[in-house]
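Using the working numbering, you'd call the opening residue of the sequence shown number 42 and step up by one each time.
Every residue gets a Cβ at the ideal spot worked out from N, C-alpha and C, and that includes glycine.
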Amino acid sequence: MANHYFNPANSYDAQHHGSETLAINNTRARRFLALLALRTTAKFFRADGPCVPISKHRMLKRGYSLHLTEAVTMRYIAQHTAIPVPKVHCSFLHKNRAYIVMERIQGETLAAAWKHLAEESRKMVFSQLKDMIRELRARTREYRVASAPRCTIAASHTAPRASGLSRIGDHVSEKDVEDLRKMILKQDGPWPSPVFTHCDLNPSNILIRDDRIVGLIDWEFSGWYPAYWEYTSAWLGNILRSEWQSTLLSLLDPYTEELEMEKFRSRWWGEW
Numbered sequence: 042m043a044n045h046y047f048n049p050a051n052s053y054d055a056q057h058h059g060s061e062t063l064a065i066n067n068t069r070a071r072r073f074l075a076l077l078a079l080r081t082t083a084k085f086f087r088a089d090g091p092c093v094p095i096s097k098h099r100m101l102k103r104g105y106s107l108h109l110t111e112a113v114t115m116r117y118i119a120q121h122t123a124i125p126v127p128k129v130h131c132s133f134l135h136k137n138r139a140y141i142v143m144e145r146i147q148g149e150t151l152a153a154a155w156k157h158l159a160e161e162s163r164k165m166v167f168s169q170l171k172d173m174i175r176e177l178r179a180r181t182r183e184y185r186v187a188s189a190p191r192c193t194i195a196a197s198h199t200a201p202r203a204s205g206l207s208r209i210g211d212h213v214s215e216k217d218v219e220d221l222r223k224m225i226l227k228q229d230g231p232w233p234s235p236v237f238t239h240c241d242l243n244p245s246n247i248l249i250r251d252d253r254i255v256g257l258i259d260w261e262f263s264g265w266y267p268a269y270w271e272y273t274s275a276w277l278g279n280i281l282r283s284e285w286q287s288t289l290l291s292l293l294d295p296y297t298e299e300l301e302m303e304k305f306r307s308r309w310w311g312e313w
């Protein structure tokens, strides 16, 4: 799953070390055809960041920071839920870079469709998305709480506690000290079991066709997280998309105290 490995150093060698066993359908023929497609058929299509169409029906995602856990996650979601995700044809490592060959779902991103969607169509899409989020969160935890290839969520929260307020130095105020105290008390309190979380539900990662969600994509940050994480990441990750931010938050259970905690942590120690 997408929460089994993490990057222990700023090294792509270290990031992928030990993850070779996560490769899917990793045959010499499939590797050869995928790499060949990048040099040939991919030139007929327009790349979108790390994602490169290599045919009408197949997409190849590659990158040094990409991790094979994303392919494992998509296969897991396809096998255990009704949520539409790209079918993974193969995944492998080549020269310290991960490659995932997957289905190229025919649809329009919600970001592109947003302006011309009628209000009734938007409601239909939101209803489907809410059901998918509920189905994700109903999954039973199978791994520790983390995301790959980043650090574990636990590590991202203990780092601020280890350094205290030394990082912000002279800028510290009495309110900052009080907020840090509240954050520590909150983290030390009782927590419900983690739930499966996508972590990046922005409109560019939702594909629709005829008022139906036909694909949720970009699962690189997904994993079992604290119950509040989808809500707080939706707020923090969509600050510049205020309309979408308010819409997405309305589909999720509110975690206002946890949001204030995450705002404080993110302000001084960054997203992760």
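My assumption, with CB atoms under 8 Å, is that residue i sits in contact with residue j. Please give the rounded CB distance.
i	j	result
Ala139	Leu109	5 Å
Thr238	Glu271	5 Å
Gly148	Ile249	6 Å
Tyr105	Asn66	Rounded, the Cβ-Cβ distance is 22 Å, inconsistent with contact.
Met173	Asp252	Actually they do not touch by this definition, with Cβ atoms about 15 Å apart.
In this structure, does DSSP put residue i in helix, strand or coil?
i	result
Pro235	coil
Ala153	helix
Ser287	helix
Glu261	coil
Ala139	strand
Ile225	helix
Tyr272	helix
Leu300	helix
Arg145	coil
Leu134	strand
Leu292	coil
Arg34	Because the chain is modelled from 42 through 313, residue 34 falls outside the range shown and cannot be assessed.
Leu248	strand
Arg182	coil
Where does residue i land, buried or exposed, given buried means 16+ other C-beta within 10 angstroms?
i	result
Trp285	buried
Pro295	exposed
Ala75	buried
Thr68	exposed
Ala112	buried
Lys156	exposed
Gly90	exposed
Leu77	exposed
Tyr269	buried
Arg306	buried
Asp259	buried
Tyr117	buried
Asp241	buried
Asp220	buried
Ala70	exposed
Ala154	buried
Val186	Any reading at Val186 needs caution, since the residue's pLDDT is 45, under 50, leaving its predicted position unreliable; the model's value is listed next. So Val186 ends up on the buried side.
Ala196	Unreliable positioning characterises Ala196 in this predicted model, as indicated by a pLDDT of 48, which lies under 50. A coordinate reading is not provided.
Are the CB atoms of residue j and residue i within a distance shorter than 8 Å?
i	j	result
Ala64	Phe133	yes
Pro244	Thr150	yes
Arg145	Lys97	yes
Pro125	Ile254	yes
Cys261	Leu277	According to the sequence displayed, residue 261 carries Glu and not Cys. No, the Cβ-Cβ distance between Glu261 and Leu277 is not below 8 Å.
Arg182	Trp265	yes
Thr114	Ser263	yes
Ile225	Leu170	no
Leu292	Phe167	yes
Arg99	His135	no
His121	Arg180	yes
> At what residue ranges does the stretch 43-127 contain a whole run of the alpha helix (DSSP H), taking only runs of 4 or more?
Replying inline: Listed in chain order, the complete alpha helix (DSSP H) runs (minimum 4 residues) inside the stretch 43-127 are 53-57, 69-80 and 110-121.
>> List, from N- to C-terminal side, the alpha helix (DSSP H) runs of 4 residues or more that fit wholly inside the stretch 153-180.
In response: Those alpha helix (DSSP H) runs which fall completely within the stretch 153-180 and span 4+ residues are 160-178.
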